[in-house]
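Using the working numbering, the letters of the sequence shown map in sequence onto residues 1 to 344. The beta-carbon is built from N, C-alpha and C at its ideal position, and this holds for glycine as well.
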Amino acid sequence: MPTDHLVPERSAVAIGRVVTVEVVGASATEVEVKLADGRTGVISRSDFGDEPVPSPGSSLQAALLARDDPRQRVVLSRVWALKLARWERVEEALASGEPLTGTVSKAIKGGFIVDLGLRAFLPASMVGESRPDDANSVDPAALVGQEITVLVTEVDRAQDRVVVSRRDFLRRQRRQVQRDVFSSLSVGGRVTGTVVELVDYGVRVDVGGMRALLHRSEMSWGPVGPLRGVVNVGDTIEAVVIELNRSKRRIGLSLRQLQPDPYLSVEVGSITTATITRVVEYGAFAQLDGTQIVGLVHMSELTELPGYRPDEVVTPGENVHVKVLSVDRTKRRVALSVRQAVLG
Numbered sequence: 001m002p003t004d005h006l007v008p009e010r011s012a013v014a015i016g017r018v019v020t021v022e023v024v025g026a027s028a029t030e031v032e033v034k035l036a037d038g039r040t041g042v043i044s045r046s047d048f049g050d051e052p053v054p055s056p057g058s059s060l061q062a063a064l065l066a067r068d069d070p071r072q073r074v075v076l077s078r079v080w081a082l083k084l085a086r087w088e089r090v091e092e093a094l095a096s097g098e099p100l101t102g103t104v105s106k107a108i109k110g111g112f113i114v115d116l117g118l119r120a121f122l123p124a125s126m127v128g129e130s131r132p133d134d135a136n137s138v139d140p141a142a143l144v145g146q147e148i149t150v151l152v153t154e155v156d157r158a159q160d161r162v163v164v165s166r167r168d169f170l171r172r173q174r175r176q177v178q179r180d181v182f183s184s185l186s187v188g189g190r191v192t193g194t195v196v197e198l199v200d201y202g203v204r205v206d207v208g209g210m211r212a213l214l215h216r217s218e219m220s221w222g223p224v225g226p227l228r229g230v231v232n233v234g235d236t237i238e239a240v241v242i243e244l245n246r247s248k249r250r251i252g253l254s255l256r257q258l259q260p261d262p263y264l265s266v267e268v269g270s271i272t273t274a275t276i277t278r279v280v281e282y283g284a285f286a287q288l289d290g291t292q293i294v295g296l297v298h299m300s301e302l303t304e305l306p307g308y309r310p311d312e313v314v315t316p317g318e319n320v321h322v323k324v325l326s327v328d329r330t331k332r333r334v335a336l337s338v339r340q341a342v343l344g
């Protein structure tokens, strides 16, 4: 066939364009296809690798190539079509913020290679929310071979470069968890969580993926000693929500509000027994028997006899009769009298 006939035919082909073709047949070296305009095309059998060739009548996508064929067929590439589709996929993910899933294929200097169909670079600083030197940072050896979800942060076809971030995806996921948790909670409502950490000032509790604080002052109506034993890491607890601060992402919990306020049962004027817990210069503290309420017996209410120091009148551990003089439920204070209880 004259060459002047081939030039216009080839120039009519949009090189690199991806088209849908129909499989006609296959040999050991090539797959013959038919284009939508009726022309015959050919794809190298190597494009399919170890995959079986689609049966005749099947459709697939292939990219048009600027190559000559001895039989004047249109030469196409399935591999190039797949690569173009993958580039379009990562570009769309960058534009839309859609997360992509891939497998970490290996660790390299400065980060990891992630297989997204294209080779993507995951910087070490973008692996997780913790710093690389943090005790909670991801172990590189454990990450290789794992399937992870990432956000695309950079795409450059000319440089054959794709950069991704797992950290940004985890942050987005955490923020969504926080929104979901806050929308499901209300002050005064009950919630179930798992104790994850004991600290000096209370307990950290996992509530639906968020950390909430159970302050030690909210663990009991009475004094709280060492936390270990009262609650332990791994315990599942039910508590009342007493604070929701969305701007600071803070949740406050209370255990004591699951029980009736013992101060409500203390009646002014009543006489009961109590145990001296501590003696000070200005009086003594006594815990009402059967409760966790500790009240103050001022030195003027210890005895009618003048000139005695509190430690000369009572000692810690001593059981005494007391009269309730006043109850301040807001400040959690109770005033007691030994002298008036004796007088009746």
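If you draw a straight line from the C-alpha of residue i to the C-alpha of residue j, how long is it?
i: residue 241; j: residue 186; result: 7 Å
i: residue 128; j: residue 166; result: 6 Å
i: residue 213; j: residue 252; result: 5 Å
i: residue 327; j: residue 268; result: 7 Å
i: residue 265; j: residue 255; result: 19 Å
i: residue 15; j: residue 53; result: 24 Å
i: residue 183; j: residue 170; result: 20 Å
i: residue 77; j: residue 178; result: 47 Å
i: residue 330; j: residue 220; result: 16 Å
i: residue 236; j: residue 204; result: 12 Å
i: residue 316; j: residue 305; result: 20 Å
i: residue 27; j: residue 36; result: 22 Å
i: residue 270; j: residue 193; result: 40 Å
i: residue 309; j: residue 208; result: 55 Å
i: residue 94; j: residue 110; result: 22 Å
i: residue 274; j: residue 180; result: 48 Å
i: residue 80; j: residue 48; result: 12 Å
i: residue 173; j: residue 89; result: 21 Å
In this structure, what does DSSP give as the bridge partners for residue i?
i: residue 22; result: 34 and 59
i: residue 123; result: 111
i: residue 40; result: 34
i: residue 156; result: 161
i: residue 299; result: Per DSSP, none; premise fails for residue 299.
i: residue 202; result: 199 and 215
i: residue 106; result: 113
For the beta strand (DSSP E) holding residue i, just list the boundary residues, first then last.
i: residue 258; result: Segment: none, residue 258 is in no beta strand (DSSP E) and carries neither H nor E.
i: residue 173; result: Careful: residue 173 lies outside any beta strand (DSSP E), inside the alpha helix (DSSP H) at 166–184.
What would DSSP say about residue i, mapped onto helix, strand or coil?
i: residue 304; result: coil
i: residue 218; result: helix
i: residue 239; result: strand
i: residue 82; result: helix
i: residue 207; result: strand
Counting along the chain, where does the alpha helix (DSSP H) carrying residue i start and finish?
i: residue 328; result: Per DSSP, residue 328 belongs to no alpha helix (DSSP H); it is in the beta strand (DSSP E), 319–328.
Is there contact here, the segment 51–71 with the segment 101–108, by at least three beta-carbon pairs under 8 Å? No, because fewer than three Cβ pairs between the segment 51–71 and the segment 101–108 fall closer than 8 Å, the two stretches do not touch.
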